[in-house]
Amino acid sequence: MPIIAPSLLASNFLRLEEECKMLNESEADYFHLDVMDGRFVPNISFGLPVIEQMRKTTSKTFDVHLMILEPEKYAEAFKAAGADILSVHIEACSHLHRNIQQIKSLDMQAGVAINPHTPVFLLADVLGDIDLVCMMSVNPGFGAQKFIPHTLKKIEQLRKMIDDNKLNVKIEIDGGVTLENAKSIIDAGADVLVAGNTVFKSKNPKETIAQLKRM
Ligand code: DX5
Ligand code: ZN
Numbered sequence: 120m121p122i123i124a125p126s127l128l129a130s131n132f133l134r135l136e137e138e139c140k141m142l143n144e145s146e147a148d149y150f151h152l153d154v155m156d157g158r159f160v161p162n163i164s165f166g167l168p169v170i171e172q173m174r175k176t177t178s179k180t181f182d183v184h185l186m187i188l189e190p191e192k193y194a195e196a197f198k199a200a201g202a203d204i205l206s207v208h209i210e211a212c213s214h215l216h217r218n219i220q221q222i223k224s225l226d227m228q229a230g231v232a233i234n235p236h237t238p239v240f241l242l243a244d245v246l247g248d249i250d251l252v253c254m255m256s257v258n259p260g261f262g263a264q265k266f267i268p269h270t271l272k273k274i275e276q277l278r279k280m281i282d283d284n285k286l287n288v289k290i291e292i293d294g295g296v297t298l299e300n301a302k303s304i305i306d307a308g309a310d311v312l313v314a315g316n317t318v319f320k321s322k323n324p325k326e327t328i329a330q331l332k333r334m
């Protein structure tokens, strides 16, 4: 069964405690937390104090997706705020290997996020050091965008790289995941489905999470 990671970016921030409670009672595995700096991506979301508060509501895995420049400046703070998985963008890191070592040394799982234009082969020399690849299936910065179909080919390529090298790296797909395309994403080789609008804008979010879980 796929791991389901609802993205809180699409939640109702006025009712954040209730949204967290709903996820707690649901079959969701991760809380996907999108942090934006208005520099790496053209949008600003939420940050450390909000994550710190949410941490009090749940013991589920906090999957923090940093869409920020210079993530090394904040890795320690995100650990303190409660991150379990910390993903940094390959496009934002000149010294990616060092960033990964830093995350691991802080006792978090290390993720690398890649934009739609970034070929998966660029991950070859770090794949053995990481726990998760967050493959963007939209251009990062905003929720509710349309899934880029070419991503399916990239999932297959990455699945092959991971399996050929007998590695234990999860493939997470982030952006435009719907009840309609989820099965094809899993069939291509994905392990984790991020879903923002599909979950939070549905009539029955818990039921939608259960449906994604059973794809
Ligand atoms: C986009 C974020 C995504 C986003 C997904 O920059 O990284 O996690 O919240 O939202 P949906 O599922 O609505 O495309
Ligand atoms: Zn994300």
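Numbered per the working numbering, the sequence shown finishes at 334, counting up by one with no gaps. Ideal Cβ placement from N, Cα and C applies to all residues, glycine included.
Secondary structure at residue 206: strand, using DSSP grouped into helix, strand and coil.
About 15 Å separates the beta carbon of residue 332 from that of residue 141, a gap too long to meet the 8 Å contact definition. At a cut-off of 8 Å, the beta-carbon of residue 203 does not count as near ligand 2: no heavy atom of the ligand is closer than that. Residues whose Cβ lies closer than 5 Å to any heavy atom of ligand 2, listed in chain order: 153, 184 and 293. Each of 208, 190, 186 and 291 was checked against the Cα of residue 155, and the nearest Cα belongs to 186. When secondary structure is reduced to three states using DSSP, residue 126 falls in the strand class. In this structure the region 301-318 lies against the region 247-264, because at least three pairs of beta carbons, one per stretch, are closer than 8 Å. Following the DSSP letters along the chain, one finds residue 331 inside the alpha helix (DSSP H) bounded by residues 324-332. For residue 145, the shortest separation between its Cβ and any heavy atom of ligand 1 does not lie below 8 Å. Between the region 267-287 and the region 242-255 there are three or more C-beta pairs closer than 8 Å, enough to call the two in contact.
The region 220-228 makes contact with the region 196-209, as at least three CB pairs between them are under 8 Å.
DSSP, reduced to helix, strand and coil, places residue 228 within a strand of the structure shown.
Separation of residue 165 and residue 133 (C-alpha to C-alpha, rounded to the nearest whole angstrom) is 13 Å. Taking all protein chains shown into account, residue 128 has 16 or more neighbouring C-beta atoms within 10 Å of its C-beta and is therefore buried. Taking residue 158 as the centre and dropping the five residues before and after it, the same chain places the C-beta of 188 closer than 6 Å to its C-beta, in chain order. Between residue 307 and residue 274 the beta-carbon gap is near 4 Å, inside 8 Å, which marks them as a contact. With fewer than 16 neighbouring CB atoms inside 10 Å of its own CB, residue 240 falls in the exposed class.
With 16 or more other Cβ atoms inside 10 Å of its own Cβ, residue 205 counts as buried.
Residue 180 holds the alpha-carbon nearest to the alpha-carbon of residue 203 among 210, 215, 191 and 180. Assigned with DSSP and collapsed to three states, residue 270 falls in helix.
Taking C-alpha positions only, residue 257 is separated from residue 126 by approximately 14 Å. Annotation note: the region 131-183 contains the following uninterrupted beta strand (DSSP E) runs of length 3 or greater, listed N- to C-terminal: 149-155.
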